[in-house]
Structure formats: structure tokens, C-alpha cells
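Novice:
Numbering (the numbering used here), first residue to last: 1 to 219.
(1) Kindly indicate the opening and closing residues of the alpha helix (DSSP H) around residue 120.
(2) What is the C-beta distance between residue 123 and residue 154, in whole angstroms, given that I count them as a contact (C-beta under 8 angstroms)?
(3) Ordered along the chain, which non-local residues of its own chain (more than five positions away) have a Cβ less than 7 angstroms from that of residue 140?
(4) Under three-state DSSP, which class holds residue 28?
(5) Could you tell me the alpha carbon to alpha carbon distance between residue 18 and residue 163, rounded to whole angstroms?
(6) Would you be able to state if there are at least three C-beta pairs under 8 angstroms between the stretch 42 to 57 and the stretch 170 to 178?
(7) Can you name, in chain order, every residue of its own chain whose Cβ lies under 7 angstroms from the Cβ of residue 35, other than the five neighbours on each side?
(8) Please check if any C-beta of chain C sits within less than 9 angstroms of the C-beta of residue 154.
(9) Got a sec? Which residues, its chain only, sit under 7 angstroms from residue 41 by beta carbon, not counting five neighbours each side?
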């Protein structure tokens with residue numbers, strides 16, 4: 001199982017490092033998820049996290065996987081319990097993401113050889129989480145905790161840890177985060193704007209293209 005997990009983690013990290021952006025879907029209901037995800041996918045963003053706090057999130061993930069195909073990695077975010085991991089694995093998600101570090105969650109995910117982007121904030125939390133074998137560590141919430149300068153200091157201290165900052169990230173911050181050593185950057189509302197509520201998809205396309213242009217400089 002560890003060999004399979006290592007293989008899945010390595011493959012996920014490679015895809016994450018290629019995309020450089022992890023789009024985060026979060027809304028009161030998922031009616032517009034498919035349209036919005038299609039737009040960012042066409043712009044070149046291949047890793048998409050769907051927050052479990054959205055009603056019907058797991059069903060939405062299945063729809064996105066069917067529509068976007070194997071080029072996209074569609075995961076579940078906000079996973080905080082072992083039962084949540086079980087539901088995600090049963091639904092066939094490509095990865096899970098957490099906002100906090102909880103060993104039981106990582107252990108259960110490992111039983112399924114399921115890649116985890118594990119949430120942590122302080123250097124001690126990040127270092128501890130990394131020792132439990134996630135694919136990457138989500139530095140959350142980075143926007144209110146020092147931003148790119150903080151991430152750069154953490155990256156210098158823990159250079160072996162693939163860091164994916166998220167939480168309060170603005171489009172104008174993405175270049176700084178990637179330059180500070182992030183393997184990828186999680187972007188939610190700053191990317192999707194009102195598109196998840198039936199807003200303008202053409203404006204979303206412009207924002208997504210702007211992000212992929214930035215990401216391409218770090219490919």
C-alpha cells in the first residue's frame with residue numbers, strides 16, 4: 001500500500017507543479033460549478049478542489065470528473081473527519097484537502113492511497129504534518145498570516161516540503177507566492193468572482209488566463 005501511495009502522491013505532485021494553480025470551488029449550491037470549472041480548465045488550470053461545505057459537493061465532483069476527463073484532477077476540500085475521508089474515497093475523488101492537520105484523517109486517506117493536501121500554518125504544524133505523508137501541505141490561511149513573505153521564510157526553513165498556500169489569496173499575490181517557493185497556489189473567490197452565482201463567465205475566463213500566464217513563467 002505504501003508503494004501505491006507513494007506513486008499516487010508523486011503523480012499528484014507532478015500534476016500540481018504543472019498546473020501551479022489549484023482552483024477552489026465554494027458556494028451555497030453547486031449549480032454553476034460545471035460551467036465555471038469548464039472555463040478554468042480550458043484556460044489551463046487542471047487541479048480543482050470542491051469544498052465539502054457546498055451541499056451536493058461529492059455529486060458535483062463526479063459530474064466534473066465525467067465532463068473534464070482525466071486531464072483534470074478533481075478533489076474534495078474541507079475534509080476534517082475519518083468519515084469524510086470514507087465518503088470521498090467511495091465517491092472516487094482524485095485527492096482530498098484539509099484546512100487543519102489531524103493524524104487520523106491522513107492515516108485513513110493512506111489506507112485508500114488517496115493523496116492529501118494537508119492544512120497547516122505554523123512551521124511546527126507544517127513539519128509535523130509533512131511527516132505523516134501528505135502529497136503537499138496547504139499553508140492556510142496564508143493571506144492573514146504574513147502572505148508571500150511568510151511563505152518564503154517557511155519554504156527556506158522546510159525546503160523539502162511542497163507548500164500550497166491558500167486562504168485570502170488575491171490574483172495579484174499569485175506571482176509572489178510562486179516566487180516565494182510555492183509548488184502551487186490555491187485561489188477561490190478571487191478567481192471565480194460571481195461566476196459561481198451565475199455571473200459573467202467571460203470575466204472568469206480572463207482571470208483564469210491571467211493566472212495561467214503567471215503560472216507558465218514558473219513551469
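All residues carry an ideal CB built from backbone N, CA and C; glycine is no exception. Predicted model, so just to flag it, every value in this text is computed and none were measured.
Specialist: Taking the geometry as given:
(1) First-last for residue 120: 116 to 120, but that is the beta strand (DSSP E), not the alpha helix (DSSP H).
(2) In this structure, residue 123 and residue 154 form a Cβ contact; the two beta carbons are roughly 6 angstroms apart against a cut-off of 8 angstroms.
(3) The residues are 99, 119, 121, 166, 167.
(4) coil
(5) Residue 18 and residue 163: Cα-Cα distance of roughly 14 angstroms.
(6) no
(7) 201
(8) Reference to chain C is not applicable here, since this structure consists of a single protein chain.
(9) Hits under 7 angstroms: 68, 72.
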